[in-house]
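Trainee: I have a structure here, written as structure tokens, and I will follow up with some questions on it.
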DNA sequence: GTCTATATGATGATAGAC
DNA sequence: GTCTATCATCATATAGAC
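Protein chains in written order, with the working numbering: chain A, 114 to 328; chain B, 114 to 328.
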């Protein structure tokens, strides 16, 4: 179902406040409520966080509803089923059509550094890390999610990079493996000292290796 | 409502399908059966497989019992609770006191190659890959498992390597990240072409990088 | 749009019969 | 040692009232 029917403008509402139900702080005039816009987004935000933390199987619809402070039945109402919530929450985890050209558009002798910086930039940002972590965690134990992530990696990222610059696919895989592995150690397992290392330290450490793979 | 009559679903006492044997060829005289040895091991074998496939949270005790063809209550009888099964199944996923010296005992100019070969050897073997995959999958979504794996990595593997050879810990982390990331792409996500690459191809591809980190 | 109520089934765990 | 029976809790999903 498309979100064709959106109420115009007007975003003031006490929907997600600390208290719900009777007695909002904001006085609302007569007329219909602002519509599903806010609730829908609240559910998606909660879903992204929970999928990121627990993976697809570990994040329950009820927990998502609880976190978004809505009724579990509403989640079904908006998205049909759990898979619907997931694919919607995973929409545009990152935009490869922007990121890949940015990395590969760098001077040939700085490909490695640029890729490392791009990776670190995305993973440092909570908002952008969440959907990626969600995909990764889900793909580790859920076959459907694994297929989704594999397709995304091969066609949207690796393929785009390979055909445009003639870099052997195996080397792209190795470079990606280096970055993914480091991100898991840093952000998931939180192994020291790499978890606390600064971005600059990591750029210095990893750039030569990625450069070696890509050039 | 109490569902009093639950169909057992399988025949009375078809004990084990695969003959796991006692291991020693000695003929046993009359008397009582060898005890719980077989059943216990069967449960652990099934647990290792299921934890490897689904991770800690995804593998249920009932599924483990089903796979081992024993009653679910037996699992509790032997191991107390789910955590008990897990720690028992994870006993000696690999022996760091053998592997680390083997890698670091190599000639200095072949450290990288030796580490890559050791990694590939362990991961290529289904029996040895299973418990590692189980730990990794579990650690991705379960905090307790993550602590377990982090402790194991830092103290048993990285620490041992670092203090003995004066290699900066951050470089060890980076090398481990490279190998872990590649193993995930190869064995979990099964991204091509790295999933189908031969061991020799990977040795050629990865050894220089690991060498660079460790030397 | 929102919620109550409910159908249906799986999970971890325990008590106790043989 | 092995199993039946049961508990309390959680899950996904649906039907339908307001």
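The beta-carbon is built from N, C-alpha and C at its ideal position, and this holds for glycine as well.
Which chain A residues are close to residue 248/B, counting only those with a beta carbon under 8 Å from its beta carbon?
Mentor: Here the premise fails: no neighbours, minimum Cβ distance about 10 Å.
Trainee: Pairing CB atoms from the segment 277 to 293 of chain B with CB atoms from the segment 189 to 200 of chain B, are three or more of them under 8 Å?
Mentor: Not touching, per the Cβ criterion.
Trainee: Please go through the segment 176 to 252 of chain B and give each complete alpha helix (DSSP H) segment of 4 or more residues, from N-terminal end onward.
Mentor: With a minimum length of 4 residues, the continuous alpha helix (DSSP H) runs that stay inside the segment 176 to 252 of chain B are 185 to 192, 195 to 202, 209 to 217, 224 to 237.
Trainee: Under 8 Å Cβ to Cβ from residue 235/A, same chain only, skipping five residues before and after it: list those, please.
Mentor: If we look at residue 235/A and ignore the five residues flanking it on each side, its Cβ neighbours are 207, 212, 241, 242, 245.
Trainee: What's the gap between the Cα of residue 293/B and the Cα of residue 322/B?
Mentor: Approximately 14 Å between the Cα atoms of the pair.
Trainee: Shorter than 8 Å from the beta carbon of residue 170/B to some beta carbon of chain A?
Mentor: Closer than 8 Å to some Cβ of chain A, the Cβ of residue 170/B qualifies, so yes.
Trainee: Is it buried or exposed for residue 313/B, if we count other Cβ within 10 angstroms and need 16 for buried?
Mentor: Classification for residue 313/B: exposed.
Trainee: According to DSSP, is residue 302/A part of a helix, a strand, or is it coil?
Mentor: Three-state DSSP puts residue 302/A in coil, outside helix and strand.
Trainee: Within 10 angstroms of its Cβ, does residue 256/A collect 16 or more other Cβ (buried), or is it exposed?
Mentor: Result: exposed.
Trainee: With respect to 7 Å, is the separation between the Cβ of residue 185/B and the closest non-hydrogen atom of the ligand GDP below this value?
Mentor: Annotation note on the ligand GDP: not contained in the displayed structure, which lists no ligands.
Trainee: When DSSP labels each residue in this structure, what does residue 323/A get in the three-state scheme?
Mentor: If DSSP states are grouped into helix, strand and coil, residue 323/A belongs with the helices.
Trainee: Closest to residue 305/B by C-alpha separation, out of 286/A, 164/A, 188/A, would be which residue?
Mentor: Nearest C-alpha to residue 305/B: 286/A.
Trainee: Would a check of beta-carbon distances place residue 263/B closer than 8 Å to chain A?
Mentor: It does: the Cβ of residue 263/B has a partner Cβ on chain A nearer than 8 Å.
Trainee: DSSP on residue 286/A, reduced to helix/strand/coil?
Mentor: Residue 286/A falls in the helix class under three-state DSSP.
Trainee: Report the neighbours of residue 259/B on chain A: residues whose CB is nearer than 9 Å to its CB, in chain order.
Mentor: In chain order: 301, 302, 303.
Trainee: What three-state label does DSSP hand residue 279/B in the structure shown?
Mentor: If DSSP states are grouped into helix, strand and coil, residue 279/B belongs with coil.
Trainee: The alpha helix (DSSP H) that contains residue 266/B, what's its start and end?
Mentor: Where residue 266/B is concerned, there is no enclosing alpha helix (DSSP H), given that its DSSP letter is neither H nor E.
Trainee: Anyone know if the C-beta pair for residue 275/A and residue 295/B falls short of 8 Å?
Mentor: The answer is no: Cβ separation not under 8 Å.
Trainee: In this structure, how does DSSP classify residue 137/B when only helix, strand and coil are distinguished?
Mentor: Any answer about residue 137/B is weak, because its pLDDT of 38 lies below 50 and its placement is not dependable; what the coordinates show is given next. In the structure shown, residue 137/B sits in coil (DSSP, three-state: anything other than H, G, I, E or B).
Trainee: Write down the C-beta distance between residue 180/A and residue 159/A rounded to the nearest angstrom, noting that I regard them as a contact closer than 8 Å.
Mentor: Residue 180/A to residue 159/A, Cβ: 4 Å. Contact.
Trainee: If distances are taken between C-alpha atoms only, which option among 226/A, 265/A, 302/A, 266/A comes closest to residue 262/B?
Mentor: Nearest of 226/A, 265/A, 302/A, 266/A to residue 262/B, Cα basis: 302/A.
Trainee: Using beta carbons (cut-off 8 Å, strictly below), is residue 138/B in contact with chain A?
Mentor: For residue 138/B, the predicted structure reports a pLDDT of 38, less than 50, and the residue's modelled location is therefore unreliable. The matter cannot be settled from this model.
Trainee: Rounded to whole angstroms, what is the Cα-Cα separation between residue 220/A and residue 162/B?
Mentor: Whole-angstrom Cα-Cα distance: 47 Å.
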